[in-house]
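This report refers to the structure that appears directly beneath it.
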Amino acid sequence: MKAMLWEGQNRLRMVDMPEPECERNELKIKVHSAGVCTTDAHIIHGTFRNGDPPHVLGHEIAGEVIQTGHAGLESWLGKRVVVETAVGCGVCEHCRSGNKHLCANGGEIGFPPYQGGYAQYLCVPWTCAHVMPVGMTYDEGAILEAVACPMGAIRRIGVAFGETVLVQGAGVAGLSFLQAVRAASAGKVIATVTRESKREQAALSGADVVVNVATEDLRARVLEETGGKGAELSIDAAGAPGTLTDAVTLCAARGRVLLYGLPDERSLPAFPVPEIILRQLTVLGVTNNENVWEPLLAMIARGTVRIRDFVTHRYPLSALREAIEAVSSRPEGFIKAVVHPWE
Ligand SMILES: [Zn+2]
Ligand SMILES: [Zn+2]
Numbered sequence: 009m010k011a012m013l014w015e016g017q018n019r020l021r022m023v024d025m026p027e028p029e030c031e032r033n034e035l036k037i038k039v040h041s042a043g044v045c046t047t048d049a050h051i052i053h054g055t056f057r058n059g060d061p062p063h064v065l066g067h068e069i070a071g072e073v074i075q076t077g078h079a080g081l082e083s084w085l086g087k088r089v090v091v092e093t094a095v096g097c098g099v100c101e102h103c104r105s106g107n108k109h110l111c112a113n114g115g116e117i118g119f120p121p122y123q124g125g126y127a128q129y130l131c132v133p134w135t136c137a138h139v140m141p142v143g144m145t146y147d148e149g150a151i152l153e154a155v156a157c158p159m160g161a162i163r164r165i166g167v168a169f170g171e172t173v174l175v176q177g178a179g180v181a182g183l184s185f186l187q188a189v190r191a192a193s194a195g196k197v198i199a200t201v202t203r204e205s206k207r208e209q210a211a212l213s214g215a216d217v218v219v220n221v222a223t224e225d226l227r228a229r230v231l232e233e234t235g236g237k238g239a240e241l242s243i244d245a246a247g248a249p250g251t252l253t254d255a256v257t258l259c260a261a262r263g264r265v266l267l268y269g270l271p272d273e274r275s276l277p278a279f280p281v282p283e284i285i286l287r288q289l290t291v292l293g294v295t296n297n298e299n300v301w302e303p304l305l306a307m308i309a310r311g312t313v314r315i316r317d318f319v320t321h322r323y324p325l326s327a328l329r330e331a332i333e334a335v336s337s338r339p340e341g342f343i344k345a346v347v348h349p350w351e
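Residue numbers for the sequence shown follow the working numbering, so the first one is 9 and each next one is one higher.
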């Protein structure tokens, strides 16, 4: 089969390699579309480490089940599936409480030792597969992981009826947060963008107020829109030093701060601890997903969550390098890129 092999810093090579064989508990999947994530860009550029090369990366995957590891799994044959990233041991406390992403003995599809989706086939434990609803495209399925993580974060922190919400960042995470809080009965929702072309995307995903931080004073706008109080739920989906601090200082007294955007460890901000204590804020950090795939797929099937427009850039697998560059440089209109291993 064809696969794109990550061989080291900025080194990717298209190779022919043997097709993987199913273990007993696995499904073999013909990959139709694989999402390209910022994490992949960081790994390939050598600015983030999660296992060593050579390896076939790609942790956002949608495809068709073509083979099973044993007869008991045969009902999966021919199913169109999305692949959940987290692989758990299945027996520890976290796995048994639905939090396999916290399993100390688990791993993630697409990171060593688990082969990823930048290939024509891969095998995954059947517990990582979820059937896609009718009408959902493989490209939508391939970006579901990027949507599931913010959705899971909102499921965890909750939104009170009519609560004011600030979402900083309008990438795929920020836009997913906007849709999630809108679906969860938020009141006024304020979004930030850094360029004017993002304003419409943020509004379409549910923002009532969109603030362009390149040209407007965010603090003044948030206070104006919230009657001087700040946002009751303040979400940072950007992970920049300034946005992390703003997430705290623009949160209302007794409000909640949700930190999701992962900051660059080389430029961590001085965190405003006195603000948190004196104004009695609750701060929650969330990454990865929180057992949210099935409810999210149902919401997409019903049209409550719409992600089709999030896929803005499509490439053949052989052009993965270009896709990675798009993820890093974020050209005008970019939200999310996918690669197709059969083109
Ligand atoms: Zn990802
Ligand atoms: Zn476990």
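Every residue, glycine too, gets a C-beta built ideally from N, C-alpha and C.
Three-way DSSP call (helix, strand, coil) for residue i in this model
i      : result
His138 : strand
Thr320 : strand
Gln17  : coil
Asp24  : strand
Val261 : For the record, residue 261 in the displayed sequence is Ala; it is not Val. If DSSP states are grouped into helix, strand and coil, Ala261 belongs with the strands.
Gly150 : Checking the sequence, you will find Ala at residue 150 rather than Gly. Three-state result, Ala150: helix.
Gly250 : helix
Met159 : helix
Gly166 : coil
Cys131 : strand
Glu34  : strand
Ala210 : helix
Thr46  : helix
Rounded straight-line distance, which links the Cα of residue j to that of residue i
i      : j      : result
Thr200 : Glu171 : 18 Å
Met22  : Ala11  : 6 Å
Lys237 : Pro271 : 26 Å
Ile162 : Leu304 : 12 Å
Leu325 : Ala191 : 34 Å
Val90  : Gln75  : 15 Å
Ile69  : His321 : 16 Å
Cys157 : Arg329 : 25 Å
Ile349 : Leu130 : Before going further, note that residue 349 is Pro rather than Ile in the sequence given. If you take the alpha carbons of Pro349 and Leu130, they lie about 11 Å apart.
Val73  : Gly59  : 27 Å
Thr46  : Glu273 : 15 Å
Among the options, nearest to residue i - alpha-carbon criterion
i      : options                        : result
Pro339 : Asp225, Lys206, Leu226, Gly269 : Lys206
His63  : Ala261, Ala246, Ile52, Pro324  : Ile52
Val95  : His102, Met307, Ala260, His109 : His109
Ala222 : Arg203, Ile343, Ala245         : Arg203
Lys38  : Tyr126, Thr55, Leu328, Phe169  : Tyr126
Phe342 : Leu20, Leu35, Glu34, Val44     : Val44
Leu20  : Asp48, Ala260, Ser41, Glu34    : Asp48
Asn18  : Gly98, Ser336, Lys344, Val346  : Ser336
Glu82  : Leu183, Pro121, Asp60, Leu35   : Leu35
Gly250 : Val300, Val294, Gly66, Leu267  : Leu267
Gly311 : Glu148, Cys103, Gly80          : Glu148
Gly80  : Asn33, Arg88, Asn296           : Asn33
Counted within 10 angstroms of its Cβ, other Cβ atoms place residue i as buried (16 or more) or exposed
i      : result
Arg264 : buried
Ala334 : buried
Gln288 : exposed
Phe119 : buried
His78  : exposed
Ile285 : exposed
Cβ-heavy atom distance, residue i to ligand 3, below 7 Å
i      : result
Cys136 : Ligand 3 is not among the ligands present in this structure, which contains only ligand 1 and ligand 2.
- Query: How do the region 174–183 and the region 246–255 stand: do at least 3 beta-carbon pairs fall below 8 Å, yes or no?
  - Reply: yes
Does the region 267–286 come close enough to the region 140–152 that 3 or more CB-CB pairs lie under 8 Å? no
Validate contact between the region 203–223 and the region 130–137 using beta carbons, cut 8 Å, 3 pairs | no
How about the region 12–20 and the region 312–323: do they share at least three Cβ pairs that are nearer than 8 Å?
no
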